[in-house]
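Under numbering that gives the first Met the number 0, think of the first position of the sequence shown as 0, with each following residue one higher. Don't be surprised by glycine CBs; every beta carbon is placed ideally from N, CA and C. The structure under discussion appears below in the form of structure tokens.
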Amino acid sequence: MSEPAPREANPKLFEALKGSRIRDENLNRLGKRLVYQVHILLKTAHIHLAGNAALAQPSERLVKTVEEILEWRGAAHLHHEGDHLYLDDLRLKMDLEGYIGFTEVIDNFRRREIGSVRFLDDVSPQEVIEFAHLWMTTSTAGTLQELLSARGVQHIAIEPPSSHLPSTHPERVTQKAVAKRTYFRTITAVAEVMESVKLKQAVGVKKSKRVVQGLVDMMLQDEMTLLGLTTLRSHDEYTYSHCVNVCILALAIGQRLGYERSHLSDLGIAALFHDVGKAEIPLDVLNKSTDFTPEEWDMIRRHPILGVKSLLRLKGLDEISTKIVIAGFEHHLNYDLSGYPRLATPRKLTLFGRIISLADCYDAMTASRVYNRIPLAPDKALRLMLKKSGTAYDPLLMKVFVNCMGLYPVGTIVALDTGELGVVIGAHPSPDRRGRPILKLIRDASGREVDGDTIDLADPTLSPTRRIVSTADAASMQIDLTRFFL
Ligand SMILES: [Fe+2]
Ligand SMILES: [Fe+2]
């Protein structure tokens with residue numbers, strides 16, 4: 000089918016932009032907005048079953064977005080396949096901020112066995128309101144379409160899911176969905192604790208313990224998916240996602256060390272709360288985009304001590320072992336005690352402290368918003384850390400960490416000798432295969448973006464054989480990792 004001409008758009012300009020990055024970026028932005036607005040519309044309709052007044056604004060906004068999409072496309076066609084939402088043929092890139100809206104819209108589609116919704120040219124806010132009400136009262140795509148037609152709604156079309164679509168292995172989809180849910184629940188739990196600490200309110204650790212237990216279970220079942228989630232970055236919630244990432248990375252090390260489940264839980268809690276002292280540092284200091292003043296550095300350097308005080312105030316203290324509090328205090332000390340806070344009497348760091356320090360540095364180096372650093376590609380961060388093995392980091396733990404992440408950690412962009420580009424999604428535990436990770440192909444030999452196959456470079460039957468020739472930086476290549484891991 001040929002592509003419909005854009006409404007009121009300059010055909011020449013459209014042709015020039017067709018298939019281009021600009022078009023996709025615009026459609027992606029509009030598509031994400033459409034998903035968000037559908038989410039708000041259905042949520043509002045759910046709360047205000049009877050009245051229309053509350054739906055007026057969401058429906059008007061949605062119609063505006065549809066009109067903007069129609070500048071580029073003949074129809075605003077939103078549909079889902081597996082875990083993804085598409086605007087026409089464009090797979091929408093989900094980000095951390097939009098995650099809840101995306102998953103709830105997909106759930107809503109699935110529950111009603113709806114494959115797609117098409118908003119056509121000239122759709123009115125009144126039709127959108129009608130659609131939202133009917134959505135709440137019907138259970139399948141067929142009935143919904145019939146009711147829409149019966150009520151004279153002509154510019155919204157509903158279709159059932161197409162059965163011929165290729166589906167991802169159901170078990171893998173479920174496991175991935177569970178991992179994502181656990182990840183986001185942990186972010187919420189850590190955010191609650193830190194917000195309460197900030198407001199000097201009493202807060203318990205029960206919920207955090209539960210979510211960490213979920214991460215431990217997940218880690219034991221599907222480490223690869225969980226490590227993939229640590230590559231996600233939320234700009235709005237950096238501190239929280241950092242805490243969850245450090246928790247996951249520390250658990251991966253603990254698992255390699257043969258820790259038992261209960262021991263892993265303690266390590267996970269210690270890692271999750273390692274930066275709790277930052278709750279008392281003003282956000283405008285933490286999020287500063289320019290260099291810190293000496294006073295601000297002093298404030299930052301106090302967070303391990305502030306953290307100890309906060310941890311001791313948490314409810315359920317009797318259940319929190321001393322090693323959790325000590326690990327928080329130690330996480331910036333460095334293996335050779337060259338870090339902060341300065342100690343009057345030298346002492347050996349605890350194992351928890353040394354593990355969390357490694358996980359913390361790795362996540363901070365690969366993130367974009369810590370202490371004004373430019374994010375490092377995962378393999379470069381690991382190589383830099385290796386240079387400080389024995390000084391800043393425990394050399395034995397460093398080896399364990401490299402074993403765990405591979406030479407090309409999850410999230411590394413690699414160029415292959417075939418001219419293709421891939422993103423690392425998994426590593427092999429055995430040292431002889433560390434340099435041959437599991438990849439997802441993201442560009443073909445001609446440089447075209449593809450939603451390519453997953454290939455295992457260590458697989459002897461792989462054809463053609465492929466070799467990594469270099470690594471690239473996702474940020475400078477404007478490659479958004481979210482779409483591969485979320
Ligand atoms: Fe810290
Ligand atoms: Fe940290």
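Given residue i as reference, the closest of the options once Cα atoms are compared
i	options	result
H76	L147, T417, P459, I113	I113
L89	I454, D450, I478, Y35	D450
T491	Q153, R111, G151	As displayed, the chain neither begins before 0 nor continues past 485, which places residue 491 out of reach and without an answer.
T102	D120, L119, H83, F118	H83
E191	K205, A178, R180	K205
G443	A74, A251, T417	According to the sequence displayed, residue 443 carries Asp and not Gly. With distances taken between Cα atoms, D443 lies closest to T417.
P377	Y392, T238, V423	V423
G97	V34, S429, L348	V34
Y407	G389, V468, P463, I355	V468
D458	L133, H427, M298, N51	H427
F108	L480, Y85, A53	Y85
L225	I304, S58, F183	F183
K197	A278, L266, S148, H154	A278
L357	A366, H331, P374	H331
A366	T230, R312, A55, T43	T230
S528	P436, V243, M223, K175	Limits of the chain in this structure are 0 at one end and 485 at the other, which puts residue 528 out of reach.
T187	V210, K92, K175, P293	V210
L375	S309, D472, G389	D472
G425	L350, L228, T390, I354	L228
L485	L91, S58, I39, N25	L91
H245	V127, L348, V307, M364	For clarity, residue 245 is Val in the given sequence; the question names His instead. It is M364.
L26	A55, H47, A74	A74
D393	D335, R382, E24, S445	D335
Between the CA atoms of residue j and residue i - distance to the nearest angstrom
i	j	result
H168	M135	Any reading at H168 must be qualified, since the residue scores a pLDDT of 47, below 50, and its modelled position is unreliable; the value itself is stated next. Roughly 30 Å separates the two Cα atoms.
G405	V116	43 Å
A269	V324	7 Å
E129	E67	21 Å
R433	N402	7 Å
Q125	R32	20 Å
H154	H79	20 Å
R72	P159	22 Å
P165	L342	Per-residue confidence for P165 stands at a pLDDT of 40, beneath the threshold of 50, marking its modelled position as unreliable; no derived number is given.
A8	K179	Its pLDDT being 47, under 50, A8 is placed unreliably in this model, and the value from its coordinates should be taken loosely. Each residue's alpha carbon lies about 39 Å from the other.
T321	S337	23 Å
R466	L456	7 Å
F291	P303	18 Å
D265	L438	32 Å
L440	R447	11 Å
N371	P281	Bear in mind that a pLDDT of 45 at N371, under 50, signals an unreliable position, so the number given afterwards is only what the model happens to contain. When rounded, the distance between both Cα atoms is 16 Å.
G100	Q212	26 Å
L119	K63	12 Å
H163	V104	With a pLDDT of only 41 at H163, under 50, the local geometry of the prediction cannot be trusted, and the value read off the model is given with reservation. Rounded to the nearest angstrom, the two C-alpha atoms are 22 Å apart.
S1	E70	Confidence is the limiting factor: at S1 the pLDDT is only 41, short of 50, which leaves the residue's position unreliable, though a coordinate-based value still follows. Roughly 17 Å separates the two Cα atoms.
T390	M397	11 Å
T481	V413	17 Å
G253	L263	6 Å
F483	G410	9 Å
T238	H47	35 Å
Local conformation of residue i per DSSP, three classes
i	result
E448	strand
F272	coil
G213	helix
L485	coil
H47	coil
L480	coil
G405	coil
H83	strand
R312	helix
P293	helix
I323	helix
S58	helix
V65	helix
K427	Lys is not the amino acid found at residue 427; the sequence shown has His there. Coil at H427, not helix or strand.
L305	helix
G97	coil
E126	helix
L147	helix
For residue i, the residue or residues it bridges with in DSSP
i	result
G421	V413, L440
S469	A414
R117	H76, A156
T453	K439
S388	Y392
L89	L86
G203	K314
Contact test: residue i Cβ vs ligand 3 heavy atom, cutoff 7 Å
i	result
H45	Ligand 3 is not part of this structure, which contains only ligand 1 and ligand 2.
C-beta neighbour in chain D for residue i, strict 8 Å
i	result
H331	In the structure shown, chain D does not exist; there is a single protein chain.
- Task: Can you list the residues near ligand 2, meaning Cβ strictly closer than 5 Å to any non-hydrogen atom, in the order they appear in the chain?
- Result: D274, D359
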